[in-house]
Amino acid sequence: MSVGEALSGVTLARRLKEAYPGRPLIVSTTTVTGQALARERMPFADAIIYFPLDWAFCVRRAPRCRAAFGRVGARDRNLAKLLRETGRRKIPVVFVSGRISDRSFARYQRYFGFFGFLLRPFLRNALSNTSAFLMQSAKDAERVRAFGAPADRVQVSGNLKYDLELPTPKPLSNWLATEIKRSGRSPIIVAGSVVATEEPHALIAFGTLQGEYPKSLLVLAPRKPECFDAAAEFIDESHRKFLRRSRLPIPGPASKQSDGNSNTATIPDDVTVLLLDSYR
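Numbered by the working numbering, the letters in the sequence shown go through residues 1357 to 1636 in order.
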């Protein structure tokens, strides 16, 4: 699971553990950020691991547990050996909130054009080891059938992300709400889950908005931790003053701002960007 999938899977994982308290619940992720989030949000899990590499000896050492997987796509081709291994051990597998993106589907269609005589039987065999495919939409259901999933095991169940429990207010959100009210900053623009090189585009768009709304504030949240410092450099190069979330000890009376000085935890009038460079 990635971050989004980890978040959407919290409720499902908790209810599975409640329904089957005697069964071990193993959560696996494919990213570092997903791993950190799972460890924070799923303390009830018996183990939290990384998804095994696509090598037979790695897959065989993976925990023997009932598995629930999310998105089905090109990046998940390493599921094949796991599906074969779970099939060999007769372990039920269910895909939950399954999705096949336009990009992944187009890529597989190209592969089918060149290697269909090998790829189609391989996928059909791997997918036949799955007990059920609970897909997000009718299009996703149609696509997984096209990959070779048994039609009678495919259902449309919707997107788990729409069933998320509303989060409780965090110290950061409470602090930010208080600061916005105190300083009269408006509107608040959130550029969330920004991937590499998208930061300059967000900053340019924000600059255009600032011409009409001089008291606006941009909250910039890079998707991956390794992009935090690069995002800070982009903001600095745009000649904007900003605060880094990691330097705001919230809750707390004081913080170190981006210039290194100790100040009260407030947003100065000349600061226009809040960089969320922490997951806490």
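Note that the Cβ used here is the ideal one computed from N, Cα and C, for glycine as well. Keep in mind it's a predicted model, so treat the numbers as computed, not measured.
### Query
What runs of the alpha helix (DSSP H), each 4 residues or longer, lie entirely inside the stretch 1525-1584?
1527-1539, 1555-1566
### Message
Along the chain, where does the beta strand (DSSP E) containing Tyr1406 start, and where does it finish?
### Response
Here the question's residue 1406 lines up with position 50 in the sequence shown. First-last of the beta strand (DSSP E) with Tyr1406: 1403-1406.
### Task
Taking only the alpha-carbon atoms, compute the straight-line gap between Pro1408 and Thr1385 and give it to the nearest angstrom.
Within the sequence shown, numbered from 1, the residue matching residue 1408 stands at position 52. Within the sequence shown, numbered from 1, the residue matching residue 1385 stands at position 29. Distance between the alpha carbons of Pro1408 and Thr1385 is about 9 angstroms.
### Message
In whole angstroms, give me the CA-to-CA distance for Ser1634 and Thr1389.
### Response
Numbered from its first residue, the sequence shown carries residue 1634 at position 278. Numbered from its first residue, the sequence shown carries residue 1389 at position 33. Each residue's Cα considered, the two are about 11 angstroms apart.
### Beta-ladder partner(s) of Ser1649, from DSSP
Here the chain comprises residues numbered 1357 to 1636, so residue 1649 is not present and cannot be evaluated.
### Same chain, Cβ closer than 6 angstroms to Ile1405, neighbours up to 5 away in sequence not counted
Counting from one through the sequence shown, the residue named residue 1405 turns up at place 49. Contacts found: Ser1384.
### Query
Which stretch, first to last residue, makes up the alpha helix (DSSP H) that contains Gln1511?
Taking the sequence shown and counting its residues from 1, the one referred to as residue 1511 is at position 155. Taken as a continuous stretch (DSSP letters only), Gln1511 belongs to no alpha helix (DSSP H), being part of the beta strand (DSSP E) at 1510-1512.
### Query
Cβ atoms of Ser1529 and Arg1509: under 9 angstroms apart, would you say?
Within the sequence shown, numbered from 1, the residue matching residue 1509 stands at position 153. Within the sequence shown, numbered from 1, the residue matching residue 1529 stands at position 173. No; because the gap between Cβ atoms is not below 9 angstroms, this pair is not in contact.
#### Entry: Start and end residues, alpha helix (DSSP H) containing Leu1474
Taking the first residue of the sequence shown as 1, we reach residue 1474 at position 118. Taken as a continuous stretch (DSSP letters only), the alpha helix (DSSP H) holding Leu1474 covers 1458-1483.
### Task
May I have the straight-line CA-CA distance separating Leu1393 from Asp1496, to the nearest angstrom?
Residue 1393 sits at position 37 when you count from the first residue of the sequence shown. Residue 1496 sits at position 140 when you count from the first residue of the sequence shown. So the alpha carbons of these two residues sit roughly 27 angstroms apart.
### Task
Just tell me which of Ile1591, Asp1585, Leu1632 has its CA closest to the CA of Ile1606.
Position 250 of the sequence shown, counted from the start, is the residue given in the question as residue 1606. Checking every option, the nearest Cα to that of Ile1606 belongs to Leu1632.
### Message
Less than 9 angstroms between the beta carbons of Ala1558 and Leu1576, yes or no?
### Response
As a working mapping, residue 1558 is identified with position 202 in the sequence shown. As a working mapping, residue 1576 is identified with position 220 in the sequence shown. A contact, by the Cβ cut-off of 9 angstroms.
### Query
Taking three-plus beta-carbon pairs below 8 angstroms as touching, is the stretch 1475-1489 in contact with the stretch 1502-1516?
yes
### Query
From which residue to which residue does the beta strand (DSSP E) around Arg1600 run?
One-based indexing of the sequence shown puts residue 1600 at position 244. 1597-1600 is the span of the beta strand (DSSP E), which, as asked, contains Arg1600.
#### Entry: Per DSSP, cross-strand counterpart(s) of Phe1489
Residue 1489 sits at position 133 when you count from the first residue of the sequence shown. For Phe1489, which the question treats as bridged, DSSP gives the partners Phe1451, Val1510.
### Task
Check each candidate in Met1398, Glu1361, Ala1482, Val1449 and name the one with the smallest Cα separation from Lys1373.
Indexing the sequence shown from 1 puts residue 1373 at position 17. Comparing Cα-Cα distances from Lys1373 to each of Met1398, Glu1361, Ala1482, Val1449, the minimum goes to Met1398.
### Task
Compute the Euclidean distance between the alpha carbons of Phe1562 and Glu1582, then round it to the nearest angstrom.
As a first step, residue 1562 is located in the sequence shown; it is residue number 206 there, counting from the start. As a first step, residue 1582 is located in the sequence shown; it is residue number 226 there, counting from the start. Cα to Cα, the separation comes out at about 23 angstroms.
### Message
Quick check on the DSSP output: the beta strand (DSSP E) that includes Lys1628 runs from which residue to which?
### Response
On the sequence shown, position 272 is the one that residue 1628 refers to. Looking at the sequence itself, residue 1628 is Thr, so the reference to Lys does not match. Note, Thr1628: beta strand (DSSP E), 1627-1631.
### Task
Below 6 angstroms CB to CB, which residues in the same chain sit around Ala1547 once its five sequence neighbours on both sides are set aside?
Numbered from 1 along the sequence shown, position 191 holds the residue referred to as residue 1547. Ala1558, Leu1576.
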